[in-house]
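These notes concern the structure reproduced below.
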Amino acid sequence: MSSQIKYLLDETQMPEAWYNIQADLPGEMPPVLHPGTGEPIGPQDLAPLFPMALIEQEMTRERYVDIPGDVLSIYRQWRPSPLFRARRLERALGTPARIYYKYEGVSPAGSHKPNTAVAQAYYNKVEGTRKLTTETGAGQWGSALSIACQAFGLECQVFMVKVSYNQKPYRRALMEAFGAELIASPSDRTAAGRAILAKDPTCIGSLGMAISEAVELAAQAGDTHYALGSVLNHVLLHQTVIGIEAIEQFALAGDYPDVIVGCTGGGSNFAGIAFPFLGRKLRGEQDVRVIAVEPAACPTLTKGPYAYDFGDTSHLTPLLKMNTLGSTFVPPGFHSGGLRYHGMAPLVSYVLQQGLIEAQSLHQLEIFKAGITFAQAEGIMPAPEANHAVAAAIQQALRCKEENKEEAILFNLCGHGHFDMQSYIDYFAGKLQDYEYPEEEIAMALAGLPPVARQANA
Ligand SMILES: *Cc1c(COP(=O)(O)O)cnc(C)c1O
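Add 31 to a position in the sequence shown, counting from 1, and you land on the number used in the working numbering.
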């Protein structure tokens with residue numbers, strides 16, 4: 032039986048800088064707009080929420096940003112993460128393709144999220160922040176930030192989408208073990224939460240609502256900042272450590288990917304694996320095909336228009352130009368909590384607009400089936416979100432089989448599924464169904480934007 036091959040780098044081969052794709056992009060990224068005036072924002076507008084170092088990273092055009100030593104020394108607990116050649120999966124599929132996956136489930140939170148949580152906690156600590164507020168859906172981001180805050184001695188307050196709060200007691204316990212305070216959102220702690228509950232006392236919550244609550248508290252208190260686990264440029268920047276390592280590991284393997292696949296919720300793990308390779312493509316060094324995969328029930332890149340929209344439900348955040356399903360969108364309760372966000376990272380939306388990447392959506396029955404095929408071959412239980420990347424990689428491998436092509440396929444296995452086994456239980460019990468997102472709802476959500484956003488989109 033041919034077995035897996037593991038490409039490992041040692042600690043001394045850790046990347047020492049993150050890669051900023053803004054240095055290599057064609058054209059100008061559309062500016063971020065102030066929610067009140069509709070004018071481009073400056074660094075001071077973000078200062079109530081973020082430390083200055085992160086605001087600078089949000090705007091910089093420098094190609095490389097040094098990773099601070101204190102961040103590197105925490106990264107070293109699980110980084111560099113392994114790159115596997117999926118020999119047993121290749122066999123099971125009978126494909127001539129070479130399938131590789133980068134495994135981010137080895138982190139203490141079980142996903143890629145600590146790559147940015149550790150950096151964000153560090154810069155906040157250095158600038159004197161006492162406490163961070165945040166939101167979490169499935170619980171991955173809240174876990175990562177709780178661990179990072181604990182490491183740097185910061186307090187952490189997590190607004191957890193109510194439906195997940197009730198369904199995921201293990202995630203909650205993990206965050207509490209690391210000292211975080213958990214609040215089910217919508218809550219009565221904030222004006223945003225109280226307004227939502229006044230309209231609908233049984234509201235199950237959404238990421239957009241939880242963001243409103245966390246942002247509101249951070250904006251009010253001088254010693255409290257807000258941390259976002261995806262979407263923003265600085266988050267994507269921190270995740271590029273994944274792709275930078277993968278480039279080195281492909282050199283060890285004497286190979287290079289023809290196709291790269293990543294799943295997209297807000298776009299951070301996808302950008303993390305793909306942007307360093309895209310940078311090489313943009314600089315004319317080596318071509319690559321890149322595919323973003325999202326759930327058919329939350330089809331931001333494949334069905335959402337490219338437009339200015341808010342990051343949250345209560346319209347407290349700046350306006351971002353991105354693919355969006357509308358900031359009032361509440362996705363159906365399908366089983367990939369991490370992919371249930373109405374918007375998409377502006378940088379990921381921009382590279383799609385520029386024709387540099389492709390996007391595809393998949394239904395949940397297919398992705399769970401693929402996840403089980405993968406687990407049986409490779410011995411790792413993927414997170415439901417990661418199953419989207421697994422399924423698309425398997426599709427590519429089967430295409431190679433049909434066309435008799437020996438391509439190299441790389442996907443990001445962004446997390447393990449050990450806290451998400453209920454979704455597999457439901458899948459095995461035949462309780463999952465496929466949802467197609469109705470087009471009329473997208474049009475409605477966008478028509479409902481406030482005047483400042485409609486003006487920006489005119
Ligand atoms: C949060 C999360 C996602 C979605 O977020 P991105 O920013 O799109 O990466 C995907 N997979 C896992 C395992 C997650 O925890």
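Every residue gets a Cβ at the ideal spot worked out from N, C-alpha and C, and that includes glycine.
Since this is a predicted model, take the numbers as computed values, not measurements.
Item                                                                                                                                                                                                : Value
Give the single residue among VAL194, GLN75 and TYR153 whose Cα lies nearest to the Cα of ARG371.                                                                                                   : VAL194
Of the choices LYS144, ARG92 and PRO288, whose alpha-carbon is the least far from that of HIS447?                                                                                                   : LYS144
Identify, in the order they occur along the chain, each residue of the same chain with its Cβ nearer than 8 angstroms to the Cβ of ASN435, setting aside the five sequence neighbours on each side. : PRO127
Would you mind reading off the limits of the beta strand (DSSP E) that contains VAL290?                                                                                                             : 290-294
Confirm the yes/no value for this check: CB of LEU370, any heavy atom of ligand 1, distance under 7 angstroms.                                                                                      : yes
Among residues of its own chain, excluding the 5 on either side of VAL262, which ones have a beta-carbon nearer than 6 angstroms to its beta-carbon?                                                : GLY297 and ALA376
Would SER345 pass as a contact of ALA223 if the rule is Cβ separation under 8 angstroms?                                                                                                            : yes
For ALA84 and ALA245, what's the separation of their Cα atoms in angstroms?                                                                                                                         : 20 angstroms
State the start and end residues of the unbroken beta strand (DSSP E) segment that holds SER195.                                                                                                    : Note, SER195: premise wrong, no beta strand (DSSP E); alpha helix (DSSP H) at 193-198.
Out of PRO413, GLN395 and HIS394, point me to the one whose CA is closest to ILE403's CA.                                                                                                           : PRO413
Taking LEU378 as the reference, give the member of TYR153, PRO57 and ALA48 with the closest Cα.                                                                                                     : PRO57
Excluding the five sequence neighbours on either side, which residues of its own chain have a C-beta within less than 7 angstroms of the C-beta of MET32, listed in chain order?                    : For MET32, the predicted structure reports a pLDDT of 47, less than 50, and the residue's modelled location is therefore unreliable. A value from the coordinates is still provided. Within the same chain, MET32 has no close Cβ partners at all.
Could you tell me how far apart the beta carbons of THR333 and GLN391 are, in whole angstroms, since I believe they sit closer than 8 angstroms?                                                    : 7 angstroms
Give me, in chain order, the residues of the same chain whose beta-carbon lies closer than 6 angstroms to that of ARG161; leave out the 5 immediate sequence neighbours on both sides.              : ASP254
What is the rounded straight-line gap between the Cα of ILE473 and the Cα of ALA179?                                                                                                                : 36 angstroms
Using DSSP bridges, identify the partner residues of ALA487.                                                                                                                                        : DSSP, once it has assigned bridges, lists no residue as partnering ALA487.
Give the C-beta separation of GLY274 and PRO326 to the nearest angstrom, bearing in mind that I take them to be a contact with Cβ-Cβ under 8 angstroms.                                             : Actually they do not touch by this definition, with Cβ atoms about 23 angstroms apart.
Would you say the beta carbon of PHE301 is closer than 7 angstroms to some non-hydrogen atom of ligand 1?                                                                                           : yes
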